Ligand SMILES: NC(=O)c1ccc[n+]([C@@H]2O[C@H](COP(=O)([O-])OP(=O)(O)OC[C@H]3O[C@@H](n4cnc5c(N)ncnc54)[C@H](O)[C@@H]3O)[C@@H](O)[C@H]2O)c1
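In the working numbering, the protein residues as written are 13 to 362.
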């Protein structure tokens, strides 16, 4: 069924997930404006998006209320997909105030402009880091699992979740509408199956792109942090979701916003496949897909890495009908590899 085009602001749209979101929105005929300060994003991603459709791009800080007011007024924004954030756990421990400022304060400024301009729909990128280290009996993790983040990154994201809920309550008390979906992602992987966009972080901290850099000889080895966890092969277990599936989840979440008067106005959903994979299994998948047997180095555990993080994605399936269409890790690696082969130095390869 065709859906009416909406005017959507994508924050962080030059980043990995935000650029994939913008790509899909363009393909679906929506009117897309991206705001990204390029602190972590790639202007090459914006160039790639421009090959697909007309996309408005503003280089700027989402915490700048005057700028955001001007953009959202000019574009007559109807809905915000909010990806912009800093997302390195270790860095957040070293520079906590930067994380609170760039993730929490900037998001609160964005919300205040949305409130002022009566923009009623938000899809927010939250994270499994808001759960911290749940007890083993709470895994797979449901949305009602206590949220006890163990680092400033997770806490800065949880603050935004609270701000979103409180804003919704206040707006409803004033007789104004506000609907939000807060998607708590687990590990996002893969890339556009047509190879137009990929994952390119600097520094790279995600396992699959790190393995692919080793395949290309751009790293000597891949470090496995901890091989003595209480898991079948001793390495940590994580829940990987294909970025295309994640974007599907955003689309169904957006369509659900305000669709029924009786709906909860702010809802959190886990987005994952529900099946965990160990670090070793992911490394093996990268070796199998690329045919290259790159070296691994087994090193000590990193502090704050829980043995197993796995989503119970039952709520998003029950309420929105979403399940992962590409749950196999090989598919995620294949798609990431296709882009990497064409862009061995990431977006700088072009
Ligand atoms: N990648 C994952 O596996 C994962 C998992 C859970 C949650 N998330 C969340 O998903 C979102 C996107 O993650 P990603 O992997 O695409 O990260 P990314 O670093 O690739 O993208 C984030 C983008 O936001 C931009 N940005 C940061 N602060 C900004 C600001 N104040 N104003 C304007 N732009 C700003 C950066 O330049 C970057 O382009 C983040 O909110 C992250 O917390 C990601």
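Every residue gets a Cβ at the ideal spot worked out from N, C-alpha and C, and that includes glycine.
Computed from a predicted structure; not experimentally measured.
Check whether the region 53–62 and the region 81–93 are in contact - that is, three or more C-beta pairs closer than 8 Å.
Verdict: no, contact absent.
Contact defined as beta carbons within less than 8 Å: I believe residue 16 pairs with residue 93. What is the distance between those atoms, to the nearest angstrom?
Contact doesn't hold; Cβ gap of about 17 Å is too wide.
Label residue 258 either buried or exposed according to how many other C-beta atoms from any shown protein chain fall within 10 Å of its C-beta, with 16 as the threshold for buried.
Its Cβ being crowded by 16 or more others within 10 Å, residue 258 is buried.
Should the region 210–225 be called in touch with the region 293–310, which here means at least 3 C-beta pairs below 8 Å?
Contact holds: three or more Cβ-Cβ distances are below 8 Å.
Would the beta-carbon of residue 232 be found less than 7 Å away from any heavy atom of ligand 1?
Answer for residue 232: no, Cβ out of range of ligand 1.
Verify the contact flag: residue 265, CB atom, against every heavy atom of ligand 1, threshold strictly below 7 Å.
Checking the Cβ of residue 265 against ligand 1 gives no.
Which residue marks the beginning of the alpha helix (DSSP H) containing residue 206, and which one marks its end?
It is not in any alpha helix (DSSP H) - residue 206 carries neither H nor E in the DSSP assignment.
In whole angstroms, what separates the C-alpha of residue 154 from that of residue 329?
In a straight line, the C-alpha of residue 154 is about 12 Å away from that of residue 329.
Quick check on DSSP: helix, strand or coil for residue 400?
Because the chain in this structure spans residues 13 to 362, residue 400 falls outside the shown range and cannot be described.
Can you check whether the CB of residue 312 is closer than 8 Å to the CB of residue 210?
It is not a contact, given that the beta carbons lie outside the stated cut-off.
Anyone know if the C-beta pair for residue 49 and residue 71 falls short of 8 Å?
Yes; because the gap between Cβ atoms is below 8 Å, this pair is in contact.
Measuring straight from C-alpha to C-alpha, what distance separates residue 241 and residue 247?
One C-alpha to the other measures close to 6 Å.
Which of the three DSSP states, helix, strand or coil, is assigned to residue 82?
Looking at residue 82 - three-state DSSP - the assignment turns out to be helix.
Report the start-end ranges of each alpha helix (DSSP H) in the region 13–82 that is 4 residues or longer and not cut off at the edges.
If we require 4 residues or more, the alpha helix (DSSP H) runs fully inside the region 13–82 come out as 28–39 and 55–62.
Is residue 265 closer than 8 Å to residue 394 when the C-beta atoms are compared?
There is simply no residue 394 to check, as the chain begins at 13 and stops at 362 in what is shown.
Which runs of the beta strand (DSSP E) fall wholly inside the region 141–167 and span at least 3 residues, in chain order?
The qualifying runs do not exist here; there are none.
So, with DSSP's three-state summary, where would you put residue 130?
If DSSP states are grouped into helix, strand and coil, residue 130 belongs with coil.
Within the same chain, show all residues whose beta-carbon is closer than 6 Å to that of residue 41, passing over the 5 residues directly before and after it, in chain order.
Excluding positions up to five away in sequence, the list reads 17.
Within 10 angstroms of its Cβ, does residue 280 collect 16 or more other Cβ (buried), or is it exposed?
Answer is buried; the Cβ neighbour count reaches 16.
Going by DSSP in three states, residue 195 sits in which element: helix, strand or coil?
Three-state result, residue 195: strand.
Checking contacts by CB at 8 Å: is residue 62 closer than that to chain C?
Of the protein chains in this structure there is only one, and it is not chain C.
Taking one C-beta from the region 165–185 and one from the region 342–349 each time, how about it: are there three or more such pairs within less than 8 Å?
The region 165–185 is not in contact with the region 342–349.
How is residue 258 classed by DSSP in three states: helix, strand or coil?
Reduced to three states, the DSSP call for residue 258 is helix.
DSSP has residue 279 in a bridge; who is on the other side?
Looking at the DSSP assignment, residue 279 forms a beta bridge with 193.
Nearest by alpha-carbon distance to residue 128: which of 189, 113, 73 and 142 is it?
Answer by Cα proximity: 189.
So, are the CB atoms of residue 243 and residue 203 less than 8 Å apart?
Cβ atoms of residue 243 and residue 203: not closer than 8 Å.
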